[in-house]
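Protein chains in written order, with my numbering: chain A, 297 to 348; chain B, 376 to 510.
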Amino acid sequence: MRLADEKSTSRLRVPRIGDAAPLFEARDINGRNMSLAEHPKPLSLVFMRHLA
Amino acid sequence: MQLHQSLYRSAVEASVIVISLAPAERLSRWVTHVLDHELAPELRAGTRFIPNPGLEIYRAYGLGRNAWMKVFGPRILLAYALRFLRGKRMPRITEDPLQRGGDFVVDAGGRIALSHVGRDQADRLPVQDIIAKLS
């Protein structure tokens with residue numbers, strides 16, 4: 297399963313400058329829903345690695 | 376943290392969305408017990424913290440897993456060694472240490488204005504580069 301995961305993630309495409317930002321909807325840690333489509337912009341998206 | 380401090384100092388009006396692979400409870404504890412000790416809460420007032428343990432948002436942004444050597448290779452081991460020598464606490468990792476992180480800026484038109492996925496675990500963009508795209 298782990299090896300399959302590694303193979304499958306190598307086919308992922310990182311959005312490039314000028315691309316439409318992939319949209320998503322999610323719930324934050326305070327339980328509030330958010331939608332990237334409706335969120336005020338410009339914005340910075342910070343994808344963390346593991347927490348220290 | 377540097378991003379929040381720089382945004383505040385620069386008076387740049389932009390929001391920050393932080394996405395973590397940690398589950399909601401752990402992320403919430405981290406924000407309360409770690410982040411809030413190092414960053415005044417008012418500096419991150421508009422920030423949304425999004426738990427994404429299922430990695431759907433990570434995958435939508437092309438963020439897969441790194442190779443072992445890029446995570447635990449010489450450059451990273453040196454960074455950890457320097458951290459240890461400076462007396463800093465070594466991180467206890469409970470999430471996938473191979474999961475990649477990244478930085479993106481989405482402009483007012485909903486388009487990617489900046490896209491960065493680190494070559495390895497130590498490779499993050501200078502905050503000034505992010506601020507420049509948000510301004």
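Ideal placement from N, C-alpha and C gives every residue a C-beta, glycine not left out.
For Pro426 (chain B), the closest Cβ of chain A is nearer than 9 Å. Ranked by Cα distance from Gly484 (chain B), the first of A:Phe343, A:Pro338, A:His346 is A:Pro338. Assignment of Phe459 (chain B) by DSSP, reduced to helix, strand and coil, places it in the helix class. In this model, Glu321 (chain A) and Ile394 (chain B) are separated by some 12 Å (Cα to Cα).
Contact check for Asp471 (chain B) and Leu402 (chain B): beta-carbon distance about 14 Å, past the 8 Å limit, so the pair fails to qualify.
Taking C-alpha positions only, Leu452 (chain B) is separated from Ala399 (chain B) by approximately 29 Å.
Counting C-beta pairs with one atom in each stretch, the region 312-328 of chain A and the region 421-432 of chain B have three or more that are closer than 8 Å, which means they touch. Val409 (chain B) counts as exposed, since fewer than 16 other C-beta atoms from the protein chains shown sit within 10 angstroms of its C-beta. One finds nothing in chain B with a Cβ atom closer than 7 Å to the Cβ of Ser331 (chain A); even the nearest lies about 11 Å away. If you draw a straight line from the Cα of Ile505 (chain B) to the Cα of Asp411 (chain B), it is about 22 Å long. Our two residues, Gly477 (chain B) and Ile432 (chain B), have alpha carbons roughly 12 Å apart in a direct line. Excluding five sequence positions before and after Pro318 (chain A), the CB atoms of its chain that fall closer than 7 Å to its own CB belong to Pro311, given in chain order. The DSSP-derived three-state label of His412 (chain B) is helix. For the set B:Thr407, B:Val481, B:Arg475, B:Trp443, the Cα lying nearest the Cα of Glu334 (chain A) is the one of B:Val481. Close partners of Gln474 (chain B) in chain A (Cβ separation under 8 Å): Arg345, His346.
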